[in-house]
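Participant:
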Amino acid sequence: MKRSQAALEFLTTYSWAFIVILIAIGALYYFGIFNFDTFLPQECVFSEQMECLDFAFVNDEIRFKLVNNLGENINITLIMVTNDAANSLTCTVPDSFLWNAEEEKDIVLTGCQDGAFIKGERAEATISLTYYSNLTPSKPLHTAKGRINALVN
Amino acid sequence: MRLLINKAQSAVEYLVIISITLMLLLPVVYIFFNYSKSTQSTSVDAQAVAIGNTILDAAEKVYYSGKDSKLVVEVTVPEEAYAAHIYDNRELAINISKDTGESEIVFFTDINITSSTCVGSICILDELASPGLKKIRLQSISNGKQVLITSE
């Protein structure tokens with residue numbers, strides 16, 4: 000009788016402790032404490048040849064400002080956007096444009112959907128810019144890639 | 000019976016401590032991994048930019064020094080660099096592979112540059128297509144009108 004009482008008391012004490020811990024963990028999870036992405040800085044990473052000066056994910060838009068540090072006037076022929084989500088991110092991209100050396104350019108991708116691009120959540124976008132220089136006779140196409148990781152406002 | 004309870008209590012406490020330690024460690028590892036991914040990408044870009052600037056600065060020195068001048072520079076090619084080309088004797092492009100995919104770091108110059116392997120308007124720079132420390136020779140050719148980029 001004494002042994003079974005002791006064992007029961009032991010289990011009861013720890014059961015309560017475990018239940019309290021589980022409730023506490025559940026509450027922390029509910030308030031997003033375990034969403035470690037929020038502790039990471041928002042970032043826009045392009046090469047220093049096309050330095051990213053500013054960026055934001057607003058509603059269904061991706062906005063970013065780049066500066067042309069190539070030292071050459073270039074023509075942007077294609078902008079592509081994607082990410083690692085199962086249904087990857089798609090956006091409407093601007094038409095081709097001329098980009099002068101040292102010029103800062105605001106680029107806005109509109110109508111972004113899929114790719115876990117959800118308001119209030121953290122999202123990532125891999126952006127690819129295809130360009131050529133007018134001064135190069137054969138106009139070879141080059142690709143520059145960058146990544147933006149930010150909260151969708 | 001008291002001894003048995005004490006042993007069980009120690010075991011449970013041990014498990015709780017290990018669990019809490021792991022719970023603290025996991026987010027730290029996750030955050031560190033993400034920081035490192037971002038830093039690596041920036042570092043590869045910076046390395047490729049440094050290589051291109053070193054080579055083109057040296058090529059311009061050789062070009063403006065005139066006929067028969069020569070210069071050797073050392074560059075460290077990162078593992079992520081897998082190809083390099085010269086287009087139309089005025090563009091030097093280094094292809095790199097990053098976590099975001101394949102990308103190019105391109106340099107433009109007003110001087111005439113070439114390599115030893117050219118097909119049409121495209122010249123291949125094999126020296127920059129594999130990782131490691133490389134000695135690059137820049138030599139004035141064609142009566143000082145062109146700079147040849149080869150390995151030393």
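As given, the protein sequences belong to chains A and B, one line each in that order. Residue numbers for the first sequence follow numbering that gives the first Met the number 0, beginning at 0 and rising by one. Residue numbers for the second sequence follow numbering that gives the first Met the number 0, beginning at 0 and rising by one. No residue lacks a Cβ here, since even glycine has one placed at the ideal position from N, Cα and C.
Please tell me whether PHE32/B has its Cβ less than 8 Å away from any Cβ of chain A.
Facilitator: Cβ-Cβ to chain A under 8 Å: no for PHE32/B.
Participant: Please compile the residues from chain B whose C-beta is within a distance smaller than 8 Å of the C-beta of LYS144/A.
Facilitator: The contacting residues are LYS97, THR99, GLY100, GLU101 and SER102.
Participant: Mind reading off the beta-carbon distance from ASP109/B to PRO136/A? Whole number of angstroms is fine, and I expect it under 8 Å.
Facilitator: With 8 Å as the limit, ASP109/B and PRO136/A do not qualify as a contact, their Cβ atoms being about 14 Å apart.
Participant: Nearest to ASN148/A by alpha carbon, out of GLY114/A, LYS138/A and HIS141/A?
Facilitator: Of the candidates GLY114/A, LYS138/A and HIS141/A, the one whose C-alpha sits nearest the C-alpha of ASN148/A is GLY114/A.
Participant: If you run the structure through DSSP and keep just helix, strand and coil, what is GLY119/A?
Facilitator: Looking at GLY119/A - three-state DSSP - the assignment turns out to be coil, as it is neither helix nor strand.
Participant: For GLN138/B, write down the residues that DSSP places opposite it in a beta bridge.
Facilitator: DSSP lists LYS69/B and LEU147/B as partners of GLN138/B.
Participant: Can you find a heavy atom of the ligand FMN that lies under 7 Å from the Cβ of GLU151/B?
Facilitator: Of ligands this structure carries none, so the ligand FMN is not represented either.
Participant: Classify ILE22/A: buried if its beta carbon has 16 or more other beta carbons within 10 angstroms, exposed otherwise.
Facilitator: When all chains shown are included, ILE22/A counts as exposed.
Participant: Below 8 Å between beta carbons is the criterion; list the residues of the segment 38-50 of chain B that meet it against any residue of chain A, in chain order.
Facilitator: Those would be SER40, THR41, ASP44, ALA45, ALA47 and VAL48, in chain order.
Participant: Identify the contact partners of VAL66/A in chain C, using a Cβ-Cβ distance below 8 Å as the criterion.
Facilitator: Among the protein chains in the structure shown, which are A and B, there is no chain C.
Participant: How about VAL48/B and GLU79/B: are their beta carbons less than 8 Å apart?
Facilitator: No, these two residues do not count as a Cβ contact at 8 Å.
Participant: Tell me which residues share the same chain as SER68/B and place their Cβ nearer than 7 Å to its Cβ, disregarding the 5 neighbours each side in the sequence.
Facilitator: The answer, listed in chain order, is VAL61 and SER139.
Participant: Quick one: what's PHE54/A bridged to in DSSP?
Facilitator: DSSP, once it has assigned bridges, lists PHE63/A as partnering PHE54/A.
Participant: Just to make sure I have the definition right: I need the residues of chain B whose C-beta is within less than 7 Å of the C-beta of PHE35/A. Which are they?
Facilitator: Under the 7 Å cutoff, chain B gives PRO26, TYR29 and ILE30.
Participant: Report yes or no: is there a C-beta of chain B within less than 8 Å of the C-beta of THR125/A?
Facilitator: It does: the Cβ of THR125/A has a partner Cβ on chain B nearer than 8 Å.
Participant: Under 8 Å between the Cβ atoms of THR53/B and VAL71/B?
Facilitator: No, the Cβ-Cβ distance between THR53/B and VAL71/B is not below 8 Å.
Participant: Just verifying my parser: in three-state terms, what is the DSSP assignment at ASP83/A?
Facilitator: Residue state, collapsed to three classes: coil.
Participant: Taking 8 Å as the CB-CB cut-off, is GLN48/A touching chain B?
Facilitator: At least one chain B Cβ lies under 8 Å of GLN48/A.
Participant: Near ASP59/A, what residues of its chain come up, given a Cβ to Cβ distance below 6 Å and the 5 sequence neighbours on each side ignored?
Facilitator: Counting only Cβ-Cβ distances below 6 Å, and skipping sequence neighbours, we find GLY110 and CYS111.
Participant: Would you tell me roughly how many angstroms separate the C-alpha atoms of ASN152/A and GLU47/A, rounded to the nearest one?
Facilitator: About 27 Å.
Participant: Which residues of chain B have a Cβ atom closer than 7 Å to the Cβ of PHE38/A, listed in chain order?
Facilitator: In chain order: ILE30.
Participant: Whose Cβ in chain B lies nearer than 9 Å to the Cβ of VAL44/A?
Facilitator: The answer, in chain order, is SER37, SER40, THR41, ASP44 and THR99.
Participant: Just grab the DSSP bridge partners of MET49/A for me.
Facilitator: The partner list for MET49/A (beta bridge, DSSP) reads ASN67/A.
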